[in-house]
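Numbering-wise (the numbering used here), the first sequence opens with residue 380 and increments by one. All residues carry an ideal CB built from backbone N, CA and C; glycine is no exception. These notes concern the structure reproduced below.
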Amino acid sequence: MRFQLLDADYIQNQKPIIRLFGKTERNEPICCFFEDFIPYFYVEGEEEKVRELLKDSEEVVSIEKEKKIPAIGYTKEPRNVLKIITKKPESVVKTRELLSKKKFVKNIYEADILFKYRFLIDYGLHGMDWVDVECNKIFTKTVKCPAFKIKKIKRIEKDRNSQLKYLSFDIECIPKDFTKSPDPKRDQIILISMSFEPKYKNKKTLVLCKKMIKAGKNVLCFAEEKEMLKKFSEIIDEFDPDIITGYNIEDFDLPYILERFKQNKLAATFGRCTDKPVFSRKVGISYQCNISGRIIVDSYQILKKDPWIKFMHYDLNTVAKELLGEGKIDIKYRDMDKYWNGDEEKIKKFISYAEKDAELALRIVLEKGLINKFVELAKLSGLLLQDTFGGQSIRVETMLMHEFKKRNILMPSKPSNDEVDRRIKEREKEELKGATVLEPVKGLHCKGCIIVLDFASLYPNIIRTFNISPDSLILDKKIEKSIKYITSPTGAKFVDAKIYEGVIPSVLRNMLETRKKIKKMMKKSSGEKKKIFNAMQLALKTMANSFYGYTGFVLARLYVLDIANSITSFGRENLRKTKKMIEEKFQYKVIYADTDSAFVETDITNLDKAKKVGEEISAYVSNNLPGYLELEFEKTFRTFLILTKKRYAGWSFEPTDSGWKDKIEMKGIETIRRDWCKLVTETMNTVLELILKKGDVKSATNYVKDIIEKIKKNEIPLEKLTIVKGITKSLTSYKGTLPHIELAKKLVKRHPENPPKVGDRLGYVIIAGNSMLSKRAEEVEYVKEKKLAIDSNYYISNQLLPPIERILRAVGISKTELLGGGHQVNIKDIMNKTRREVNHNINIESNDIKKLGGWEDFICEKCKKTYNRMPLSGLCTCGGKILISYHGSVSRKCKQ
DNA sequence: TCACATCGGGG
DNA sequence: GTGTACGATGTGA
380 MRFQLLDADY IQNQKPIIRL FGKTERNEPI CCFFEDFIPY FYVEGEEEKV RELLKDSEEV
440 VSIEKEKKIP AIGYTKEPRN VLKIITKKPE SVVKTRELLS KKKFVKNIYE ADILFKYRFL
500 IDYGLHGMDW VDVECNKIFT KTVKCPAFKI KKIKRIEKDR NSQLKYLSFD IECIPKDFTK
560 SPDPKRDQII LISMSFEPKY KNKKTLVLCK KMIKAGKNVL CFAEEKEMLK KFSEIIDEFD
620 PDIITGYNIE DFDLPYILER FKQNKLAATF GRCTDKPVFS RKVGISYQCN ISGRIIVDSY
680 QILKKDPWIK FMHYDLNTVA KELLGEGKID IKYRDMDKYW NGDEEKIKKF ISYAEKDAEL
740 ALRIVLEKGL INKFVELAKL SGLLLQDTFG GQSIRVETML MHEFKKRNIL MPSKPSNDEV
800 DRRIKEREKE ELKGATVLEP VKGLHCKGCI IVLDFASLYP NIIRTFNISP DSLILDKKIE
860 KSIKYITSPT GAKFVDAKIY EGVIPSVLRN MLETRKKIKK MMKKSSGEKK KIFNAMQLAL
920 KTMANSFYGY TGFVLARLYV LDIANSITSF GRENLRKTKK MIEEKFQYKV IYADTDSAFV
980 ETDITNLDKA KKVGEEISAY VSNNLPGYLE LEFEKTFRTF LILTKKRYAG WSFEPTDSGW
1040 KDKIEMKGIE TIRRDWCKLV TETMNTVLEL ILKKGDVKSA TNYVKDIIEK IKKNEIPLEK
1100 LTIVKGITKS LTSYKGTLPH IELAKKLVKR HPENPPKVGD RLGYVIIAGN SMLSKRAEEV
1160 EYVKEKKLAI DSNYYISNQL LPPIERILRA VGISKTELLG GGHQVNIKDI MNKTRREVNH
1220 NINIESNDIK KLGGWEDFIC EKCKKTYNRM PLSGLCTCGG KILISYHGSV SRKCKQ
């Protein structure tokens, strides 16, 4: 029989038995039992004393002598170790603790590896692998799918995945007090919505409702919560999904529903076995859940961690709208009880609301192929699919453990708390040096193309080129004298790859070569195939990139600072050499470089020519660098604006099969931030566009001036000035004064019947006035109704100018250009200067001006045209001198 | 700028 | 369970 390995665990009878959950080629769920595998670990120390200590141990089955290779430090000879074979998985812990206190024990290895993983590693099996088993059918009530006893098992190659069944669910419950979260110990679940793929009993969705009402065909009603929960469990068993998904289920719905099972004295046995209940436990801040034989996929957690897609907010509504073009049904949290206790219409809307949530959660996973990459990560790392959603280090360790097994290398234990503290302290002393970031030639570069080149997979290729690996690191002085090696810029020595290729370089060689092939295949393919290839190459890239960081991670089993530092030092040397080569050979200036990229300024105005030069540089530099280091031509910027290290924007042109593809690219310059109003975002984008696409600093400046005038004239729609912030806790528990909280307090007084609640998001604008800023936050509606003026000063100097100024400063908005003489100043200085000069002349402190409601108009002496601020030329367009109209009356002349 | 605190998602 | 362990963003010094 053949099946794809979905999940694994073990049970204990007389002896431990491994259980493998999988799906056959015909997509049937099965469970296979493997009985002949027992726990063990390794000890390095005085054999006689170890034997003496353990001779009467109940836990230990036997002790065997073996020869093993250490993971850290190159050696030719394996070392003597003792393999301690134990009765049960727990015996390993007990024996380990007993041994670890003894002086005659030098080291303990692999005594902290989960039993299921011990099995998978020893049999060379990865999560989501296809396996071929010789087996007999057995009969057991402990699992709900057909069960077999394995006689023989081996991994097979198969490029298809079995078809998985998905169920997404969502629960609704109403708290006693809307300022608090619902309490799973007290507040019942009132709705459970589900969505299925494929259909369940010809239904795409189903909603369980704890209220006897007349409802549609996709709704089942219950008088009691207990009955509803029972039904939920039954449906899961009947539909029998492989994947259980939902939005933030791991941290909310699952723990909540499990507590409700407990309160109703029901066993939560909706996994694929009857002997292990579904459980969730608090680990640190978040919950961790397990459903035997099924996989929990929480799209919220996946999306939040994904470095490629970023959302403004991570609530289901925003994310679904962004990904699927469809959001939630609009029911506010605080209105839920009104719907639930309302008329039939209201309840029906509430039911659709719940139904929609389950639907959206499922569609996100399916339509966006959310788990594809993780399936590939499982196959690659060896982790079970469920465990690939967590951190990177466990992926690296599991993958290396598989390699170590093949090479007879022992994996060190995880660091103890003391060891972690030591590492942290050590790190504080001699800091881990990072990558090189060249100081950029700041400003706007628009005379010729900026050619961008970069090193693909820099760190993985450095590791390969210089054979950097814990097992190739030379620690022994004697070996050092007798062997050929490479020395890193920090002085660490690695055996020459021809003599011995380290584990990490070797797995990276495989991964990078495979990735190249897959990328080629991806180009030729389409549809679902292409998606899978893409998932594969993404998984390979993710894996390849995680080795460098791993060796410098304080909780790593293979924490080797010499390695982390060698990698970055080679990186710095590489970038230095690259810059030198480009500048000496090609006579172009490298105006910026960061870690693995170089930005080359040229006088070339033709894109194709720039590309040609880029390729020449690429070829030359690559030929003159060792090993696998390859500088590739990536794109050119037609215009390039760099503010500081890591902050730039440019008009990029990337060569594609169908010609040049252009776009405005930004790094480190945020145009979108939650605490900025729309106006700022819009202005930023326009300014950047004007500067980059038109190279027109002047019109960008004018545009900003124009916006400023509009703000002062109250011509900007309030919607664009609205800042949105959420109420996160009860109003009284805020210590400081925050605008949206002050507004919320006002609203409580204004409409006591419908006060803002925890979890609400409030949009506000800042209105003009003398009081503290946060006291002047107001609702848009209210401002319109009362015809209040906005605080234009605030919007100009607190919202608009800070980000705009950072950009305009870099393009050297100078007095020379703007005022006709003097040194370089930035736009804010100009504004301030104008204000200060005004103040000075009219002899009023700026504070006083504020009290009086700000300076007013600037009026032309000749034509009486008014300006909202001092024209930068100091003169009116008609040439007349500017006077200040102050507090309604024209005041003194302004000094030019 | 760095250390410390908070908040998020869900309902 | 041969355990595990948030991470980004905002505030304060």
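Can you tell me which residues form a DSSP beta bridge with I529? Per DSSP, the beta-bridge partners of I529 are C514.
Go ahead and pull the three-state DSSP assignment for D766. D766 carries a helical assignment under DSSP once its states are collapsed to helix, strand and coil.
C-alpha distance - L986 paired with Y545, whole-angstrom precision: Looking at the backbone, the Cα of L986 and that of Y545 are separated by about 49 Å.
Can you tell me where the alpha helix (DSSP H) holding D875 begins and where it ends? Counting along the chain, D875 falls outside any alpha helix (DSSP H), and DSSP gives it neither H nor E.
Applying the 10 Å Cβ sphere with the 16-neighbour rule, what's the burial state of P563? Around the beta carbon of P563, 16 or more other beta carbons sit within 10 angstroms, so the residue counts as buried.
Straight-line Cα distance separating E431 from K480: Roughly 15 Å separates the two Cα atoms.
Given 8 Å, three or more beta-carbon pairs between the stretch 624-637 and the stretch 675-691: A contact between stretches requires three or more CB pairs, one per stretch, nearer than 8 Å, and the stretch 624-637 meets this requirement with the stretch 675-691.
Residue interval of the beta strand (DSSP E) (run including G972): In the sequence under discussion, the amino acid at residue 972 is Ala, which differs from the Gly named in the question. K968 to D973 is the extent of the beta strand (DSSP E) around A972.
Can you tell me whether H781 is helix, strand or coil according to DSSP? Residue state, collapsed to three classes: helix.
Option in L504, D766 and M900 with minimal Cα separation from N669: Comparing Cα-Cα distances from N669 to each of L504, D766 and M900, the minimum goes to D766.
May I ask which residues mark the beginning and end of the beta strand (DSSP E) holding Y1143? Unbroken beta strand (DSSP E) run through Y1143: R1140 to I1145.
Measure the alpha-carbon distance for E1196 versus T1080 and round it to whole angstroms. Reliability of the predicted coordinates at E1196 is poor, the pLDDT of 37 falling under 50, and the value obtained from them is presented with this limitation in mind. Note on geometry: alpha-carbon atoms of E1196 and T1080 lie some 11 Å from one another.
Of the listed residues K784, S836, E606 and L570, nearest to Y732 (C-alpha basis): Comparing Cα-Cα distances from Y732 to each of K784, S836, E606 and L570, the minimum goes to L570.
Just to confirm, is the Cβ distance from S948 to T844 under 8 Å? The beta carbons of S948 and T844 sit no closer together than 8 Å.
Hey, how far is the Cα of G1199 from the Cα of L1180? Residue placement at G1199 is poorly supported in this model, since its pLDDT is 27, which falls under 50; the coordinates are not used for a value here.
Between the CA atoms of S851 and Y496 - distance to the nearest angstrom: Straight-line spacing of the CA atoms in Y496 and S851 works out to 26 Å.
Straight-line CA distance for K447 to S760? Distance between the alpha carbons of K447 and S760: 23 Å.
Quick one: which unbroken alpha helix (DSSP H) runs of 4-plus residues sit fully inside the stretch 453-510? Chain order, please. Counting only runs of 4 or more, we get 468-479 and 494-501.
Can you confirm whether the stretch 580-590 touches the stretch 600-611 when touching is taken to mean that 3 or more C-beta pairs between the two stretches lie within less than 8 Å? Judged by Cβ distances under 8 Å, the stretch 600-611 makes contact with the stretch 580-590, as three or more pairs qualify.
Three or more beta-carbon pairs under 8 Å between the stretch 493-513 and the stretch 383-402, yes or no? Yes: at least three Cβ pairs fall under 8 Å.
L561, buried or exposed, once every other Cβ within 10 Å from all chains shown has been counted against 16: Rather than Leu, the amino acid found at residue 561 in this sequence is Pro. Its Cβ being crowded by 16 or more others within 10 Å, P561 is buried.
Is Q383 buried or exposed, if buried means 16 or more other CB atoms sit within 10 Å of its CB? So Q383 counts as buried.
Are the beta-carbon atoms belonging to A1123 and I1146 less than 8 Å from one another? The answer is no: Cβ separation not under 8 Å.
Name the DSSP bridge partner or partners of V439? T465.
Give the DSSP bridge partners of I409, in chain order. I409 is bridged by DSSP to G401.
Beta carbon of P839, beta carbon of L891: below 8 Å? Contact flag set, yes.
Taking the continuous beta strand (DSSP E) assigned at S885, which residues delimit it? No beta strand (DSSP E) contains S885, which is instead part of the alpha helix (DSSP H) from V882 to K903.
With DSSP as the reference, please indicate the residues paired to M922 in a beta bridge. According to DSSP, which records beta bridges pairwise, M922 is partnered with nothing at all.
Complete runs of the beta strand (DSSP E) confined to the stretch 528-571 [at least 3 residues]: List check, beta strand (DSSP E) in window: 545-552.
Looking at the secondary structure, which residues open and close the beta strand (DSSP E) in which I371 lies? Nothing about residue 371 can be read from this structure; the chain reaches only from 380 to 1275.
Check the DSSP bridge columns for R742 and list the partner residues they point to. The partner list for R742 (beta bridge, DSSP) is empty, contrary to what the question assumes.
Cβ contact (3+ pairs, closer than 8 Å) linking the stretch 408-415 and the stretch 521-534: Cβ pair count under 8 Å is three or more, so yes.
Would K593 and E724 be called neighbours here (beta carbons separated by less than 8 Å)? For K593 and E724, no; Cβs fall outside 8 Å.
Quick check for students: name the residue ranges of the alpha helix (DSSP H) that lie wholly in the stretch 611-676, counting only runs of 4 or more. The qualifying runs are 633-642.
How would you call K857, buried or exposed, if buried means at least 16 neighbouring beta carbons within 10 angstroms? Label assigned to K857: exposed.
Compare the C-alpha of G517 against each of K530, I853 and E1061 and name the closest. A small fix is needed here, since residue 517 is Ile in this sequence, not Gly. Selected option, being the one with the closest Cα: K530.
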